[in-house]
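Structure below.
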């Protein structure tokens, strides 16, 4: 019973420290993970946007040269598409070019040549008037379409769709999350050990005080008083 008060104090200090550390670590991890995820995904989207715009310029020039007769269609765009798909760093999964009538004029997947006018991707692409980066119609968060109208000097030649995958970036985010969780657990363990040591240090004077108070008895408190008054 002598150390009951001090033990309760240590337990309360440890519990308070654990709650504060847990809440603080959770908030910090959430903010760090969100900021890191946004940075990784924004960098990837910016990189893919630049690639899509550069590809659109190249395809527009090819279509313009074909129209004025400077070059003949000999699979130029198909070769460019094949190069894009071979580049693993580009993360391009699908490329298709439509003319102004919605007909496929170049694609890596021949199923694009047989789609109907009611295809949702085709309708969305034909309605685009400027660069668009939109979520994949299947709802996959790691995939998106870059839609780029092909035009020059006000003349429209068609529209380009480039389908990108961010699976690599999401895998990087997952690895970072796991590393962050591991570091957080190690940090929490270290802080909790420190909290125990601090709690013991703070409780030590109280333990001594309680021990000294336990030695006090009525005999120690009694005293003999001699009265010098004669009345």
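In our numbering, the protein residues as written are -14 to 216.
Don't be surprised by glycine CBs; every beta carbon is placed ideally from N, CA and C.
Subject >> Simplified DSSP state of residue 83, which is helix, strand or coil >> reply: Taking the first residue of the chain shown as 1, we reach residue 83 at position 98. Note: residue 83 maps to strand in three-state DSSP.
Original post:
Among the residues of its own chain, which have a CB less than 8 Å from the CB of residue 50, if the five just before and after it don't count?
Top reply: Here residue 50 refers to the residue found at position 65 when the chain shown is read from its first residue. Cβ neighbours of residue 50 beyond the five flanking positions: 56.
**OP:** List the endpoints of the continuous beta strand (DSSP E) containing residue 69.
**Re:** Here residue 69 corresponds to residue number 84 of the chain shown, with the count starting at 1. Residue range 61 to 71 is occupied by the alpha helix (DSSP H) that includes residue 69, with no beta strand (DSSP E) assigned at that position.
Original post:
Are residue 158 and residue 110 touching if we call contact CB-CB under 8 Å?
Top reply: As a position in the chain shown, residue 158 is number 173, starting the count at 1. As a position in the chain shown, residue 110 is number 125, starting the count at 1. Cβ distance not < 8 Å, so residue 158 and residue 110 don't count as in contact.
**OP:** Using three-state DSSP, classify residue 90 as helix, strand or coil.
**Re:** Position 105 of the chain shown holds residue 90. Per DSSP, reduced to three states, the secondary structure at residue 90 is strand.
Original post:
Which residue's Cα is closest to the Cα of residue 132: 106, 172, 150?
Top reply: Within the chain shown, numbered from 1, the residue matching residue 132 stands at position 147. That would be 106, whose Cα lies nearest to the Cα of residue 132.
**OP:** Have a look at residue 185 and residue 75 and give me their C-alpha separation to the nearest angstrom.
**Re:** Against the chain shown, residue 185 aligns to sequence position 200. Against the chain shown, residue 75 aligns to sequence position 90. Spanning the two alpha carbons is a distance of roughly 57 Å.
Original post:
With 16 other CB atoms within 10 Å as the buried threshold, where does residue 130 fall?
Top reply: For the purposes of this step, residue 130 is taken as residue 145 along the chain shown, with counting starting at 1. Around the beta carbon of residue 130, a 10 Å sphere encloses 16 or more other beta carbons of the protein chains shown; the residue is thus reported as buried.
Subject >> Uninterrupted alpha helix (DSSP H) stretches inside the stretch 109 to 147 (no shorter than 4 residues) >> reply: With a minimum length of 4 residues, no continuous alpha helix (DSSP H) run stays inside the stretch 109 to 147.
**OP:** Would you mind sorting residue 144 into buried or exposed? The rule is 16 or more other CB atoms within 10 Å of its CB.
**Re:** Here residue 144 is taken as the residue at index 159 of the chain shown, counted from 1. Result: buried.
Original post:
Looking at residue 93 and residue 305, is the spacing between their C-beta atoms short of 8 Å?
Top reply: No answer is possible for residue 305: the residues shown for the chain start at -14 and end at 216.
Original post:
Is the beta carbon of residue 62 less than 8 Å from the beta carbon of residue 91?
Top reply: Taking the first residue of the chain shown as 1, we reach residue 62 at position 77. Taking the first residue of the chain shown as 1, we reach residue 91 at position 106. Yes; because the gap between Cβ atoms is below 8 Å, this pair is in contact.
Original post:
Whole-angstrom Cβ separation of residue 173 and residue 2, contact assumed at under 8 Å?
Top reply: Numbered from its first residue, the chain shown carries residue 173 at position 188. Numbered from its first residue, the chain shown carries residue 2 at position 17. At roughly 10 Å, the Cβ-Cβ gap does not stay under 8 Å, so residue 173 and residue 2 are not in contact.
Subject >> Alpha-carbon spacing of residue 77 relative to residue 67, whole angstroms >> reply: Indexing the chain shown from 1 puts residue 77 at position 92. Indexing the chain shown from 1 puts residue 67 at position 82. Cα to Cα, residue 77 sits roughly 10 Å from residue 67.
**OP:** Identify which residue in 95, 163, 6 has its Cα closest to the Cα of residue 18.
**Re:** For the purposes of this step, residue 18 is taken as the residue at position 33 of the chain shown. Closest option to residue 18, Cα to Cα, is 163.
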